[in-house]
Each structure stands twice: as structure tokens, then as C-alpha cells.
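One gets the numbering used here by counting positions in the sequence shown from 1 and adding 8 to each.
Yeah, the Cβ is synthetic: ideal placement off N, Cα and C, and Gly gets one too.
These notes are about the structure you will find just below.
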Amino acid sequence: MKIIDRTALTLLIIGGIHLLLIGLFGFNIVETLLGEVDQWSVRIVYILIGLSALWCFKYYSFTPRGGSRLKDR
């Protein structure tokens, strides 16, 4: 599971940087590298990033009630 967690988190970070590039510069790196949106390779990348985001929802359970884990440090 640790490999899946790290892969999902990495894809989520890459997806966030991808959206940042689109928002700031209008530059879509996935389409630049893999082609148009209609191609399956681009759709697979977007599906993997979306699934990674769903997988990372479980990290909300790591924050204890009452705030941050680092509050008492």
C-alpha cells in the first residue's frame, strides 16, 4: 500500500502543477507531451490523476480532531 500511496500523492502533485501551468500561462503540458485531448494517452493521464485525488481523500483521517498533529510541538 505504501507504493500506491506514494504514487497517488506524486500524481496528485503533478496534477496540481499541471493545473497551475494552465491557470497562469495557458500551457497544457500533458497535451504538449502526449497530443490532443481526444487521444487515449491524454485521457488515461487525466483519469490516473483523478483516481489519485480520490485515493488521497483517506489522508483526511490522519488529522486528529481538534487540529493539527504539530500543535503541541
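Under 8 Å between C-beta atoms of residue i and residue j
i: V53; j: E44; result: no
i: L27; j: F35; result: no
i: L32; j: C64; result: no
Three-state secondary structure (DSSP) of residue i
i: D13; result: helix
i: G24; result: helix
i: R81; result: Only weak support exists for where R81 lies, its pLDDT of 49 falling under 50; the value from the coordinates is given anyway. Note: R81 maps to coil in three-state DSSP.
i: G43; result: coil
i: G31; result: helix
Margin query: Taking 8 Å as the cut-off, does the region 56 to 65 touch the region 11 to 26 (at least 3 CB pairs, one atom from each stretch)?
Written below: The region 11 to 26, when compared against the region 56 to 65, does touch it at the 8 Å Cβ threshold.
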